[in-house]
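**Student:** Chains as they are written, first to last, in the numbering used here: chain A, -9 to 310; chain R, 6 to 200.
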Ligand SMILES: Nc1ncnc2c1ncn2[C@@H]1O[C@H](COP(=O)(O)OP(=O)(O)O)[C@@H](O)[C@H]1O
Ligand SMILES: [Mg+2]
């Protein structure tokens, strides 16, 4: 069975194709604004412009003919409405043209499912740290439950905002990581874990205010927010008694965050799994893969309208 | 004998004395690690005693060091593992609500209200693990305290969480300002947080 998936929740437009358990194409184009920050409308225009070309590339890469596709999956939310709409319209058109079923996928759930595909994790906790999203999720009674999340901005967006205001290149994550490596001194920043939830706003304000070498601020910023992410993940693992951790989302590209996950898991006798980078960041293979699993377990999407606030725990997990 | 391991601490039982030791976390910077462990240990020891004075069942604290607390061992059932199958869940929820009411009456915020931090012993519900707690008079902070509980109930005891939470809220109304807190909680519930 072959499923084509479409990702279009934020700055990435992607098309992925999955045949049974193999990813045979995973193409994407990301919108790079000249000046930092996310512009929903401009991003959507970008997606509308590149969708045809990304589709063509994906089909070529996969080596299949477009008629061989059995199923179309698209990310239904959560995300920026103008971007989600481009993906949804494209998906509907394609499904109609090919006369194939259409299935809506929750973007956050897809991150977890692709993580499971590329690791041997059976029942993991996922630390999902991206630009807009920061959640710790795990399966409990048939749904992926959110055990902790940011109560203001996503960790990636926070880092980008910091970078933008400090004149670093966009996206700022890699630049902050590079500078942080040269940092030697820790300057104190607020540490804001509330139960299982996180807040980044106060840290951002403080980090922008301190008078210190940039390297030291980046080092302190990274160490503080990552420690918070790991702590909340560990709390979720302790509360659910789960013994596996997967790291996903764009911020997963950060080496220091990976190392911290590894150490935390070692210390509590758990296993840490990494997902190949192209499947950590927003990608469409994860939408195709999750759509395929859902379809096989009998899920249908009668209402294909976008769901901008699509919560992870709204999806009933009927597949294994 | 090690009897348990939470997210932060190792628990060692020694002749009915329980030692909660906040162990070093090598994943984080020493500066952050030491500060958190010390602060939380200190806070926890204080709030365990304050809460007891407020009429909430908590283990008695006997001794503390910089990162460990020696306390009474509460021999009972952890609600995380017990509440789903408890016949007397209504009584348990009532006790939870009354406990929170007493804490908030005395401006104590627990900070980590989950069923992993509640122990049922006979007919009493003991609250433990005050490491994320603090003192505050603010309605918002009290509402968030309830919100944490609601969310963790939902995540871990999803099928029954609504029933549980309703019952808890019902007995929470013994707190005189409970109306204000519950109103604020409703606002927090609808506050969208995506994008
Ligand atoms: N006083 C106590 N009596 C009995 N059991 C306890 C006591 N304190 C802690 N425990 C057990 O140890 C576990 C972890 O303790 P806790 O204080 O919650 O540490 P952490 O901060 O690591 O979560 C609890 O969930 C409970 O099972
Ligand atoms: Mg605990």
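Here a beta-carbon is modelled for each residue, glycine too, at the ideal position from N, C-alpha and C.
Residue 198 (chain R) to residue 41 (chain A), Cα distance in whole Å?
**Tutor:** Interpretation of residue 198 (chain R) is limited by its pLDDT of 43, a score under 50 that renders its predicted location unreliable; no figure is taken from the coordinates.
**Student:** Taking 7 Å as the cut-off, does the CB of residue 39 (chain A) come closer than this to any heavy atom belonging to ligand 1?
**Tutor:** No, Cβ of residue 39 (chain A) sits at least 7 Å from all heavy atoms of ligand 1.
**Student:** What number of angstroms, rounded off, separates the C-alpha of residue 224 (chain A) from the C-alpha of residue 100 (chain A)?
**Tutor:** Answer to the nearest angstrom: the Cα atoms are 22 Å apart.
**Student:** Which same chain residues, not among the five before or five after residue 90 (chain R), have their C-beta less than 7 Å away from its C-beta?
**Tutor:** There are no such residues.
**Student:** Taking residue 72 (chain A) as the reference, which of A:117, A:0 and A:278 has the closest Cα?
**Tutor:** Comparing Cα-Cα distances from residue 72 (chain A) to each of A:117, A:0 and A:278, the minimum goes to A:0.
**Student:** Could you tell me which chain R residues have their CB closer than 8 Å to the CB of residue 57 (chain A), listed as they occur along the chain?
**Tutor:** Those do not exist, as residue 57 (chain A) stays about 37 Å from chain R at its closest Cβ, beyond 8 Å.
**Student:** Closest to residue 243 (chain A) by C-alpha separation, out of A:184, A:226, A:269 and A:37, would be which residue?
**Tutor:** That would be A:269, whose Cα lies nearest to the Cα of residue 243 (chain A).
**Student:** Does chain R have any CB closer than 8 Å to the CB of residue -7 (chain A)?
**Tutor:** Chain R, which has no Cβ nearer than 8 Å to the Cβ of residue -7 (chain A), makes this no.
**Student:** With respect to 7 Å, is the separation between the Cβ of residue 134 (chain R) and the closest non-hydrogen atom of ligand 2 below this value?
**Tutor:** Yes, the beta carbon of residue 134 (chain R) sits closer than 7 Å to at least one heavy atom of ligand 2.
**Student:** Pick from R:104, R:56, R:61 and R:45: whose alpha carbon is nearest that of residue 71 (chain R)?
**Tutor:** Of R:104, R:56, R:61 and R:45, the residue nearest in Cα terms is R:45.
**Student:** Run the proximity test for residue 6 (chain A): is its beta-carbon closer than 7 Å to any non-hydrogen atom belonging to ligand 2?
**Tutor:** No, the beta carbon of residue 6 (chain A) sits no closer than 7 Å to any heavy atom of ligand 2.
**Student:** Could you give the residue range of the alpha helix (DSSP H) that holds residue 195 (chain R)?
**Tutor:** Run containing residue 195 (chain R): 183 to 195, per the alpha helix (DSSP H) assignment.
**Student:** Does residue 80 (chain R) come within less than 8 Å of chain A when only Cβ atoms are used?
**Tutor:** So, not an interface residue.
**Student:** My parser needs the beta strand (DSSP E) runs of 3 or more residues fully inside the segment 127 to 176 of chain A; what are they?
**Tutor:** Here the runs fully enclosed are 133 to 139.
**Student:** Let me check understanding here. Comparing Cα to Cα, which of R:24, R:152 and R:39 lies closest to residue 217 (chain A)?
**Tutor:** Nearest of R:24, R:152 and R:39 to residue 217 (chain A), Cα basis: R:39.
**Student:** Using a Cβ-Cβ distance under 8 Å, would residue 153 (chain R) count as near chain A?
**Tutor:** Interface residue, yes.
**Student:** Where does residue 239 (chain A) land, buried or exposed, given buried means 16+ other C-beta within 10 angstroms?
**Tutor:** That one is buried.
**Student:** In the DSSP assignment, find the alpha helix (DSSP H) that holds residue 192 (chain A) and state where it starts and stops.
**Tutor:** Per DSSP, residue 192 (chain A) belongs to the alpha helix (DSSP H) from 191 to 199.
**Student:** How about residue 250 (chain A): is its C-beta nearer than 8 Å to some C-beta of chain R?
**Tutor:** Yes, its Cβ sits closer than 8 Å to a Cβ of chain R.
**Student:** Against chain A, does residue 31 (chain R) count as a neighbour if the rule is that its beta carbon must be under 8 Å from one of theirs?
**Tutor:** With 8 Å as the cut-off, residue 31 (chain R) counts as an interface residue toward chain A.
**Student:** Throw me the rounded Cβ distance for the residue 174 (chain A) and residue 212 (chain A) pair, which I believe falls under 8 Å.
**Tutor:** So it is not a contact: roughly 13 Å between Cβ atoms.
**Student:** Taking just the CA atoms, how far does residue 162 (chain A) sit from residue 178 (chain A)?
**Tutor:** Roughly 21 Å separates the two Cα atoms.
**Student:** Report, in whole angstroms, the separation of the C-beta atoms of residue 276 (chain A) and residue 139 (chain A), which I expect to be a contact under 8 Å.
**Tutor:** Between residue 139 (chain A) and residue 276 (chain A) the Cβ distance is about 19 Å, and since that is not below 8 Å, they are no contact.
**Student:** In the structure shown, what three-state DSSP assignment does residue 16 (chain R) receive?
**Tutor:** Three-state result, residue 16 (chain R): strand.
**Student:** Can you check whether the CB of residue 291 (chain A) is closer than 8 Å to the CB of residue 89 (chain A)?
**Tutor:** Their beta carbons are not under 8 Å apart, which means residue 89 (chain A) does not touch residue 291 (chain A) by this criterion.
**Student:** Under a CB-based cut-off of 8 Å, is residue 220 (chain A) close to chain R?
**Tutor:** So yes, residue 220 (chain A) belongs to the interface.
**Student:** Whole beta strand (DSSP E) runs in the segment 73 to 150 of chain R with 3 or more residues, listed along the chain?
**Tutor:** With a minimum length of 3 residues, the continuous beta strand (DSSP E) runs that stay inside the segment 73 to 150 of chain R are 73 to 77, 123 to 126 and 129 to 132.
**Student:** Can you tell me whether residue 111 (chain R) sits near ligand 3, meaning its C-beta is under 7 Å from at least one heavy atom of the ligand?
**Tutor:** Within the structure as shown, ligand 3 is missing, the only ligands being ligand 1 and ligand 2.
**Student:** Between the C-alpha atoms of residue 56 (chain R) and residue 76 (chain R), what's the straight-line distance to the nearest angstrom?
**Tutor:** When rounded, the distance between both Cα atoms is 14 Å.
**Student:** I'd like the list of long-range same chain contacts for residue 263 (chain A), defined as Cβ closer than 6 Å, with 5 residues on each side in sequence excluded.
**Tutor:** Cβ within range, chain order: 109, 111 and 236.
**Student:** Whose CA, out of R:23, R:15, R:30 and R:98, lies closest to the CA of residue 154 (chain R)?
**Tutor:** The shortest Cα separation from residue 154 (chain R) among R:23, R:15, R:30 and R:98 belongs to R:98.
**Student:** Quick one: using the 10 Å Cβ neighbour count with 16 as the cut-off for buried, is residue 132 (chain A) buried or exposed?
**Tutor:** Looking at its Cβ environment, which holds fewer than 16 other Cβ atoms inside 10 Å, residue 132 (chain A) is exposed.
**Student:** Suppose only complete runs of 4+ residues qualify. What are the alpha helix (DSSP H) ranges in the segment 86 to 125 of chain A, listed by chain order?
**Tutor:** Segments of the alpha helix (DSSP H) lying fully in the segment 86 to 125 of chain A: 97 to 108.
**Student:** Contact check, residue 92 (chain A) vs residue 62 (chain A) under 8 Å by CB: the rounded distance?
**Tutor:** Right, the Cβ-Cβ distance comes to about 5 Å (below 8 Å), so this counts as a contact.
**Student:** Let me know if residue 68 (chain A) comes out buried or exposed under the rule of 16 or more other beta-carbons within 10 Å of its beta-carbon.
**Tutor:** When all chains shown are included, residue 68 (chain A) counts as buried.
**Student:** Identify whether residue 8 (chain R) lies in helix, strand or coil by the three-state DSSP scheme.
**Tutor:** Strand at residue 8 (chain R).
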